[in-house]
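Colleague: The following block contains the structure, expressed as structure tokens.
Number of protein chains: 2
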Amino acid sequence: MSKSNNKLSIIPLGGVGEIGKNMTAYVYGNDIIVVDAGLKFPEEEMLGIDIVIPDITFLIENRTKVRGVLITHGHEDHIGGLPYFLKLLNVPVYGTRLTLGLIEGKLREHGLLDLVKLNVITNKSVIKLGEFTVSVFNNNHSIPDTVGFAIDTPEGVIVHTGDFKFDYTPVDGRPADFFKLAELGEKGVLALLSDSTNAERPGYTMSERVVGQTINDCFASAERRIIIATFASNLHRIQQIIDATEKFGKKLAVVGRSMVNNITIAHELGYIRMNPGTLIDPDEVNKLPAEQVVVLSTGSQGEPMSALTRMARATHRKVEVMPGDTVIIASSPIPGNEKFISRTIDQLFRIGADVIYQAVSGVHVSGHGSQEELKLMLNLVRPKYFIPVHGEYRMLKRHSELAVSTGVDPDNIFIVDIGDSIEFQGGKGRLGPKYTAGNVLIDGLGVGDVGNIVLRDRKLLSQDGILVVVVTLSKQDGAILSGPDIISRGFVYVRESEELLEEANKIVTQTLGKLVSENVNEWSSIKNGVRDALGRYLYEQTRRRPMILPIIMEV
Amino acid sequence: MSKSNNKLSIIPLGGVGEIGKNMTAYVYGNDIIVVDAGLKFPEEEMLGIDIVIPDITFLIENRTKVRGVLITHGHEDHIGGLPYFLKLLNVPVYGTRLTLGLIEGKLREHGLLDLVKLNVITNKSVIKLGEFTVSVFNNNHSIPDTVGFAIDTPEGVIVHTGDFKFDYTPVDGRPADFFKLAELGEKGVLALLSDSTNAERPGYTMSERVVGQTINDCFASAERRIIIATFASNLHRIQQIIDATEKFGKKLAVVGRSMVNNITIAHELGYIRMNPGTLIDPDEVNKLPAEQVVVLSTGSQGEPMSALTRMARATHRKVEVMPGDTVIIASSPIPGNEKFISRTIDQLFRIGADVIYQAVSGVHVSGHGSQEELKLMLNLVRPKYFIPVHGEYRMLKRHSELAVSTGVDPDNIFIVDIGDSIEFQGGKGRLGPKYTAGNVLIDGLGVGDVGNIVLRDRKLLSQDGILVVVVTLSKQDGAILSGPDIISRGFVYVRESEELLEEANKIVTQTLGKLVSENVNEWSSIKNGVRDALGRYLYEQTRRRPMILPIIMEV
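Line by line, the protein sequences are chains A and B.
With the working numbering, letter number 319 in the first sequence gets 482, and the count goes up by one each step, no holes.
With the working numbering, letter number 137 in the second sequence gets 300, and the count goes up by one each step, no holes.
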């Protein structure tokens, strides 16, 4: 029950209506806490953009109130926006040991490591941040040390699951905190914010151990070298690969920068168990008998510059895939990557490797719970209100149907967009005002300097290229002194289209003559005249619309 | 048995190692026949390209020998290249009635209809083309009137399946010609070229009738309007939608140009059965009670300009999706389209429609046979040699494993690339020489005028845009008379980056001064100098590499 006139507001700043850049703000009176600060990979139409982070204008405007950022786990869509966030808003960060280990690497790259206060938490922690008291519960996910938060507020307890599945036989022997979740439910939970990634998927997600069994089977039957690619952050799977390597008396080489980094951090922190001597340098791969070698690699999404793709194309400095090698791609394609991965698989088959991938075997399970697990979470927590998060709209919608099926009142479910707020006062929830939220695009070192106009130009340029038309006119009578010269980039290859460009030249000359004879002397009118006449001609001839940039000089 | 010194060559000019642009040449002595002339949709990196067709240099070089083109069915990946082919090589075309009906539409658009000889075939036809005698067998596929060919040559019989599945309960009551296939097998088949699309998929592909049942269920439970999107060429499915419309006493409006075209052609030719009065004009949709309306639409791939996408965004002229409507997306995403389709589904859910799509129900089955059907074809035909076609490399590979499992000698299997030839002489097959083959890119009206350089420029332009640097130098002393002016498109938005561009200006001025003082006077050296200095500065400041186009004038 509320003891004052204050209210609790929950404001998702990222991660709803989209996959990625997860971030949720909890506001009560003069206190704000933030859960997660993720990034998103660019949509297809965001040409040239490297990553996308949440717009945190709302937090900047309330900067004195922000008490800290709580991180659920170490995946990019939960930590990738953190360096940019901390540059604008240097507040304490709370995370488990492995999560902070991965964050440290990022902060070091951004020169922030010494400036930020990192606080290690465990599932025993109770974190007091202004009016908020946050306790921590363990979850299963595709990276170790994943947690969720129970956020006690004057209005009641909010359970924020973070990403989760229920793995009854977890590789790290660290089960979910069933008792804590059930106890929260028993005492009464005001609202549940729960992971919707697999809300469309019926049944249960299988245990990560299933993949371990498949890996063992593959190792048992491989006759020559084994090359296995998976997500660099899936340390459970990496542990099972190490276990299989040791069980079959093989040696393991690791290639790919993020794979080496993650294994190094995880091993230092004790999240990876490995016998001395298991690991070899990639240089040694070619010196050992083929049947002793396992190569663990990045590139399970077929990314063009990744280690696996380079090995498949024989452009990797140290390891090359050979006929008879067994290549295991232990992942499933992230939507949008299907074509890349197919190409890599084709390339590997062409070399003569035996390729094991998801379409024909079980070398991947999801890190997110399917429908029955989502219902189990709802049954444990028994929330009064439900806010599906971490998903595109249809997933949130489906998740809300699951919530209704477990007994949540349909009027107590909020499917929201980023920037929407849900307010709780006196035990009642309602939609509140909408706050600033959105995409901040990062291109190289630029944060937010690429906007719609630049993207629109990149789109135009990518479709039909550009023609630059250069001409010098006489100041006195407007006669053409030099040019027109037409320079084409990405439109047509000049040598193949001389006739077209010659005719284009004539059109420009005629147009300029006409404009001058009509005494048009505003620069913008002359440029538009040239652009229109030339554009019309080129469209007639080619059905293309290149960008046309007239450069008219006067001397 | 070969009676002369001649040999049979089979040359896939498209459709192997790729999905799309199917085309195979059969060569014997002075005779060539071609099966199919398809198009392919552009790969991601083919920026601005509309479609891709096979390179037919080999056929042009042997133009007097080409006796005709045989078409298996009316899908774009089998007929879409035909107009371009016929412009270069006007030979008779052979196809079933529906296939030719669809081809006629294309030829009309290209102004070719009166110039080309179209020959209707049925499964009773025997086509004599030089040394080749082609007979025709019926297949099941996701478009009616699909056939395959048995090509009798002096070396033996080749069976070319075309796209197929075995549908034991076909919607049009036209089963596959099992007896013909079995009879061919019994008499002896030299080689089988068979569809590999679903070679990775275990089991059987379900009958199209299953979709009809799902459609009926959806129609029975829908309370308001039904909007259903599917492939415009899947006339079996369209027939079942018409049947359901009539069964439930509803009216059908058709939207989307290709859907209207295909239904018109198919109805005229008798491939669609419909009661008078079933069809209504889209204008009438809003005049009828919601429960009487069915709208059949294109856009099942979420294509941005399609009717469904426009209806979802309320930008369609005649029909808008309303809360409570049932939207059925009766297709599965073609690889690469997943994101488009997800966005459309999300948009429809946001409107408040009830959306039925593949992830959660059975509104689509494939038109291609799965592994057991591919093995059935192999069992019927019992070929001596096997050439898997119509698939990316891994599919061909998997299909060849299936062939081995049915008893084909592994040494008698050829997995080939486009342009490879397989030669048969005296009953023996071997790999022959490699012929010219490849991608011809079509951009607007241009056929093959966009090559690697243009595509590379488009790629560069799409990533970081372009900077045009304009400066006028004095002919006498090289002093700068005007400029440098820097024009940015797709790099940064100028108003946001004034400082950066001012500094860039200074760099250009300094560089030019230095080059002039060093008496560098070759244009290319001056331009390269400016490009390098500016590029270096911009990369340091932004980590981006825009295209830089220096335009240096001398007066």
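Glycine included, each C-beta is placed from N, C-alpha and C at the ideal position.
Cβ of I173(B) within 8 Å of Cβ of L233(B)?
Modeller: Stepping through the second sequence from its first residue, residue 173(B) is reached at position 10. Stepping through the second sequence from its first residue, residue 233(B) is reached at position 70. Not a contact, by the Cβ cut-off of 8 Å.
Colleague: Secondary structure at E207(A), three-state DSSP: helix, strand or coil?
Modeller: Looking up residue 207(A) in the first sequence gives position 44. In this structure, E207(A) counts as coil in the three-state DSSP scheme.
Colleague: Counting C-beta neighbours from all protein chains within 10 Å, is the total for D509(A) 16 or more, i.e. buried, or is it exposed?
Modeller: Counted from its first residue, the first sequence places residue 509(A) at position 346. Classification for D509(A): buried.
Colleague: Within 8 Å (strictly less), CB to CB, does V526(A) reach chain B?
Modeller: Counted from its first residue, the first sequence places residue 526(A) at position 363. Chain B, which has no Cβ nearer than 8 Å to the Cβ of V526(A), makes this no.
Colleague: Using 8 Å as the limit for Cβ to Cβ distance, is M468(B) near chain A?
Modeller: Here residue 468(B) refers to the residue found at position 305 when the second sequence is read from its first residue. So no, M468(B) is outside the interface.
Colleague: With 8 Å as the threshold, decide whether the Cβ of Q534(A) is near any Cβ in chain B.
Modeller: Here residue 534(A) is taken as the residue at index 371 of the first sequence, counted from 1. Judged by the 8 Å Cβ criterion, Q534(A) is not in contact with chain B.
Colleague: Considering only the beta carbon of each residue, do G311(B) and N303(B) sit closer than 8 Å?
Modeller: The residue you call residue 311(B) lines up with position 148 of the second sequence. The residue you call residue 303(B) lines up with position 140 of the second sequence. It is not a contact, given that the beta carbons lie outside the stated cut-off.
Colleague: Residues of chain A with CB under 8 Å from L712(B), in chain order?
Modeller: For this step, residue 712(B) is matched to residue 549 along the second sequence. By Cβ distance, chain A contributes V631, I650 and R652.
Colleague: Run through DSSP, which three-state label would H430(B) get?
Modeller: Here residue 430(B) corresponds to residue number 267 of the second sequence, with the count starting at 1. Note: H430(B) maps to helix in three-state DSSP.
Colleague: DSSP three-state call for A188(A): helix, strand or coil?
Modeller: Within the first sequence, the letter at position 25 stands for residue 188(A). Residue state, collapsed to three classes: strand.
Colleague: Quick one: is V579(B) near chain A, going by C-beta distance under 8 Å?
Modeller: Residue 579(B) sits at position 416 when you count from the first residue of the second sequence. Chain A, which has no Cβ nearer than 8 Å to the Cβ of V579(B), makes this no.
Colleague: I650(A): which of V490(A), V631(A) and L675(A) sits nearest, CA to CA?
Modeller: In the first sequence, residue 650(A) corresponds to position 487, counting from 1. Among V490(A), V631(A) and L675(A), the Cα nearest to that of I650(A) is on V631(A).
Colleague: Show which residues of chain B have a CB atom less than 8 Å away from the CB atom of P220(A).
Modeller: Start at 1 with the first residue of the first sequence, and residue 220(A) comes out as number 57. According to the sequence shown, residue 220(A) is Thr rather than Pro. Going along chain B, no residue has its Cβ under 8 Å from T220(A), so there is no contact; the nearest lies around 16 Å.
Colleague: How about L353(A) and I321(A): do their beta carbons lie closer than 8 Å?
Modeller: Looking up residue 353(A) in the first sequence gives position 190. Looking up residue 321(A) in the first sequence gives position 158. In this structure, I321(A) lies closer than 8 Å to L353(A) by Cβ.
Colleague: In chain B, what lies closer than 7 Å to Y556(A) by C-beta?
Modeller: Here residue 556(A) refers to the residue found at position 393 of the first sequence. Those within 7 Å of Y556(A) in chain B are D509, F512 and R513.
Colleague: Using beta carbons (cut-off 8 Å, strictly below), is S675(B) in contact with chain A?
Modeller: By one-based count along the second sequence, residue 675(B) stands at place 512. Sequence check: residue 675(B) is Leu here, not Ser. Cβ-Cβ to chain A under 8 Å: no for L675(B).
Colleague: When you compare each of M209(B), E501(B), L663(B) and L245(B) to V613(B) by their alpha carbons, which one comes out closest?
Modeller: Here residue 613(B) refers to the residue found at position 450 of the second sequence. Comparing Cα-Cα distances from V613(B) to each of M209(B), E501(B), L663(B) and L245(B), the minimum goes to M209(B).
Colleague: Under 8 Å, CB to CB, which of the residues in the segment 549 to 575 of chain A have a partner in chain B?
Modeller: Those would be E555, Y556, R557, K560 and R561, in chain order.
Colleague: Hey, which unbroken runs of the alpha helix (DSSP H) at 4 residues or more fall wholly within the segment 414 to 464 of chain A?
Modeller: Taking only runs of at least 4 residues, the alpha helix (DSSP H) segments lying wholly in the segment 414 to 464 of chain A are 420 to 431.
Colleague: Comparing the C-beta of Y700(A) with each C-beta of chain B, is any distance below 8 Å?
Modeller: Counted from its first residue, the first sequence places residue 700(A) at position 537. No, because no Cβ of chain B sits closer than 8 Å to the Cβ of Y700(A).
Colleague: Report the neighbours of D606(A) on chain B: residues whose CB is nearer than 7 Å to its CB, in chain order.
Modeller: As a first step, residue 606(A) is located in the first sequence; it is residue number 443 there, counting from the start. Per Cβ cutoff of 7 Å: R707.
Colleague: Does the beta carbon of K159(A) come closer than 8 Å to any beta carbon on chain B?
Modeller: Look at the range of chain A in this structure, 164 to 718, and you will see that residue 159(A) is not part of it.
Colleague: Determine, using beta-carbon pairs with one atom in the segment 444 to 451 of chain B and one in the segment 412 to 425 of chain B, whether at least three such pairs fall under 8 Å.
Modeller: Segments in contact, yes.
Colleague: Anything in chain B within Cβ reach of D488(A), meaning under 8 Å, just list it in chain order.
Modeller: In the first sequence, counting from the first residue as 1, residue 488(A) sits at position 325. Those do not exist, as D488(A) stays about 15 Å from chain B at its closest Cβ, beyond 8 Å.
Colleague: Measure the alpha-carbon distance for P467(A) versus R436(B) and round it to whole angstroms.
Modeller: Locating residue 467(A) in the first sequence gives position 304, counting from the first residue. Locating residue 436(B) in the second sequence gives position 273, counting from the first residue. Whole-angstrom Cα-Cα distance: 50 Å.
Colleague: For R387(B), would you say it is in contact with chain A, using Cβ-to-Cβ distances shorter than 8 Å as the test?
Modeller: As a working mapping, residue 387(B) is identified with position 224 in the second sequence. So no, R387(B) is outside the interface.
Colleague: Starting from Q626(A), find everything on chain B with Cβ-Cβ shorter than 8 Å and list it in chain order.
Modeller: Here residue 626(A) is taken as the residue at index 463 of the first sequence, counted from 1. Here the neighbours are L210, G211 and R621.
Colleague: Roughly how many angstroms lie between the CA atoms of K677(A) and R694(A), to the nearest whole one?
Modeller: As a working mapping, residue 677(A) is identified with position 514 in the first sequence. As a working mapping, residue 694(A) is identified with position 531 in the first sequence. When rounded, the distance between both Cα atoms is 14 Å.
Colleague: Starting from D612(A), find everything on chain B with Cβ-Cβ shorter than 8 Å and list it in chain order.
Modeller: What you label residue 612(A) is simply residue 449 of the first sequence in a count that begins at 1. The contacting residues are V655, Y656, E659 and S660.
Colleague: Per DSSP, what are the beta-bridge partners of N303(B) in this structure?
Modeller: On the second sequence, position 140 is the one that residue 303(B) refers to. Answer by DSSP bridge pairing, in chain order: K328(B).
Colleague: Could you tell me which chain A residues have their CB closer than 9 Å to the CB of T635(B), listed as they occur along the chain?
Modeller: Counted from its first residue, the second sequence places residue 635(B) at position 472. Chain A residues near T635(B): T635, M716 and V718.
Colleague: Hey, is V617(B)'s beta-carbon within less than 8 Å of any beta-carbon in chain A?
Modeller: Residue 617(B) sits at position 454 when you count from the first residue of the second sequence. By this cut-off, V617(B) is an interface position.
Colleague: Output, in sequence order along the chain, the residues in the segment 271 to 291 of chain B whose CB is closer than 8 Å to any CB in chain A.
Modeller: Flagged: no residues at all.
Colleague: Under the rule that 16 or more other beta-carbon atoms within 10 Å means buried, what is E371(A), buried or exposed?
Modeller: Here the question's residue 371(A) lines up with position 208 in the first sequence. Buried: at least 16 other Cβ atoms inside 10 Å.
Colleague: For A383(B), count neighbouring C-beta atoms within 10 Å of its own C-beta (all shown protein chains included) and say buried if the count is 16 or more, exposed if not.
Modeller: Residue mapping note: residue 383(B) aligns to position 220 of the second sequence, counting from 1. Label assigned to A383(B): exposed.
Colleague: Assuming the contact rule is C-beta atoms closer than 8 Å, K502(B) and E207(A) should be a hit. Round their C-beta distance to whole Å, please.
Modeller: The residue labelled residue 502(B) in the question sits at position 339 within the second sequence. The residue labelled residue 207(A) in the question sits at position 44 within the first sequence. 6 Å between Cβ atoms; contact.
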